[in-house]
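Reading through the structure tokens given below for one structure.
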Amino acid sequence: MISIGLVLVAWELYANHSGIKPTVLPAPSRVFEQAMLNRDALLDNAIPTIRATLIGFACSLSAAFALSMLVDFF
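Straight run, no breaks: the sequence shown in our numbering ends on number 87.
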């Protein structure tokens, strides 16, 4: 937890004091702020994204199993 906190603090300080454009590297506080402002859109899109991820994972497991069986028998 401490290391995550240190990374977030370093990121915040670097983003705010380095002169880098916020479109290139937004500060974590800005990311969190925008996430809260757009939480409805994020939640609406979370389910289809999770579904697509799980389907892709299932397909990769099936393909890996089939290929491992092929390799084992031949």
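We put the beta carbon where it would ideally sit given N, CA and C, even for glycine.
| Secondary structure at Gly69, three-state DSSP: helix, strand or coil? | Three-state result, Gly69: helix.
| message | For Thr36 and Leu74, I'd like the C-alpha separation in whole angstroms. | response | Roughly 37 Å between the two C-alpha positions.
| message | Here's the rule: buried if 16 or more other CB atoms are within 10 angstroms of the residue's CB, otherwise exposed. What is Ala28? | response | Under this definition Ala28 is a buried residue.
| message | Helix, strand or coil for Asn51? Go by DSSP, reduced to three states. | response | In the structure shown, Asn51 adopts coil according to DSSP, grouped into three states.
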